[in-house]
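For the record, the sequence lines run as chains U and P. Going left to right, the first sequence walks through residues 40 to 171 as this note's numbering numbers them. Going left to right, the second sequence walks through residues 40 to 171 as this note's numbering numbers them. Down below is the structure, laid out as structure tokens.
Number of protein chains: 2
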Amino acid sequence: MKYVEKLRNSGLRPTKQRLQICEVLFNTEKTFHFTINELEQKIKKQANNKISLATVYNTVHAFEKKGYLKQIPINSSETYFDTNVTDHHHFYDLKEEKLIDLDNSDVGPINILKKINGKKIKSVEVLVKLED
Amino acid sequence: MKYVEKLRNSGLRPTKQRLQICEVLFNTEKTFHFTINELEQKIKKQANNKISLATVYNTVHAFEKKGYLKQIPINSSETYFDTNVTDHHHFYDLKEEKLIDLDNSDVGPINILKKINGKKIKSVEVLVKLED
DNA sequence: ATCGCAGTTTATAATGATTCTAAAAAAGTG
DNA sequence: CACTTTTTTAGAATCATTATAAACTGCGAT
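Below, the structure is given as structure tokens:
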């Protein structure tokens with residue numbers, strides 16, 4: 040399994056459940072956005088077995104902490120995650136309630152001129168809301 | 040009362056509760072960020088009486104719909120609102136869990152090059168996460 | 001002013017995403 | 001295999017938010 044090493048290297052035991060979730064999340068051509076519930080559905084369908092909801096939460100949070108996933112800052116009742124962990128941004132289609140990736144190259148360079156004493160910039164995320 | 044007209048003009052009856060919330064939200068030198076619970080506390084203290092939590096929610100949502108408040112897109116257990124409805128951005132201090140305003144002039148001009156068919160850009164919001 | 005009604009407020013219940021719990025299962029180690 | 005630690009799990013608990021439905025209020029019409 041190609042994810043065994045990845046997990047081990049980050050100090051996570053390569054359990055059956057984590058490997059299965061890796062398959063669903065990372066064994067794809069394209070990156071994608073998901074909520075915990077969408078992920079649970081996808082696991083059920085793709086792997087044809089059920090992983091406890093608590094485990095899905097645990098795993099997603101563990102992966103996020105290790106930098107394999109990113110949370111997308113958006114106001115929605117459910118939290119959105121992104122398998123694309125490179126620096127990039129998002130459109131949010133208000134009507135369809137859908138997220139669309141926006142590559143760094145689709146956004147001019149962003150220069151934050153204000154500095155906060157003793158703080159470093161960890162990330163810069165742009166959310167572009169779309170309407171009809 | 041200076042808020043009676045404002046409310047009437049937007050089709051909201053100027054009720055005692057709404058006027059009181061207007062005082063707390065808008066009768067200040069500076070704009071500010073708040074959660075519903077922080078607002079409830081502020082009302083209790085400033086006006087020395089209690090408005091039902093449901094009414095605070097209703098009112099904040101009504102004001103947001105009318106454009107008197109903005110939701111701040113951020114992943115937090117509570118929803119943050121902003122009395123500053125002009126185009127601007129935010130720092131988010133991850134450690135302190137505090138929001139800090141970032142004027143448009145503190146951010147270089149942002150140019151969204153990608154276009155989505157049939158959609159208009161409603162807003163462009165930048166969230167800059169800070170760490171120590 | 002009073003009436004009547006749509007719009008509001010309210011306390012409380014319901015919802016729903018997320019986290020907690022503690023017992024069972026699995027993984028790593030020697 | 002025996003033992004320890006980590007992980008999984010079902011179900012309970014939590015907590016922000018929304019729904020409910022009864023009481024109340026603002027306001028125009030009479």
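Don't be surprised by glycine CBs; every beta carbon is placed ideally from N, CA and C.
Check, Outcome
"8 Å Cβ cut-off: residues of chain P touching U:Q56", "Chain P residues near U:Q56: none, gap ~24 Å exceeds 8 Å."
"Where U:I160 falls, given that 16 or more other Cβ within 10 Å makes a residue buried", "exposed"
"Contact list for U:D132 against chain P, beta-carbon separation under 9 Å", "I155, K158"
"is_contact[P:N114, chain U] using C-beta, thresh 9 Å", "yes"
"Within 9 Å, strictly: CB atoms of P:L64 and P:L78", "yes"
"Residues near U:T94 by beta carbon distance below 8 Å, same chain, minus five either side", "Q56"
"Cut-off 8 Å between Cβ atoms - residues of its own chain near P:E117, not counting five sequence neighbours on either side", "T74, I75, N76"
"N- and C-terminal bounds of the beta strand (DSSP E) containing P:F120", "119-121"
"Residue of P:K153, P:V99, P:P148, P:L152 minimising C-alpha distance to U:L152", "P:P148"
"Secondary structure of P:Y107, DSSP reduced to three states", "coil"
"Assigned secondary structure, U:L78 (DSSP; H/G/I helix, E/B strand, else coil)", "helix"
"Cα-Cα separation between P:D145 and P:I111, rounded to whole angstroms", "18 Å"
"C-alpha gap between P:N150 and P:T54, whole angstroms", "42 Å"
"P:H129 and P:N143 closer than 9 Å at C-beta", "no"
"Residue from U:N156, U:E62, U:N123 with nearest C-alpha to U:D140", "U:N123"
"Where P:I82 meets chain U, residues with beta-carbon distance less than 7 Å", "Those do not exist, as P:I82 stays about 23 Å from chain U at its closest Cβ, beyond 7 Å."
"Status (buried if at least 16 other CB within 10 Å, exposed otherwise) for U:K134", "exposed"
"Closest by C-alpha distance to P:T67, when choosing among P:K168, P:A101, P:Q85", "P:Q85"
"Neighbour list for P:I75 in chain U, Cβ cutoff strictly below 8 Å", "Per Cβ cutoff of 8 Å: no residues; P:I75 is ~13 Å from chain U at best."
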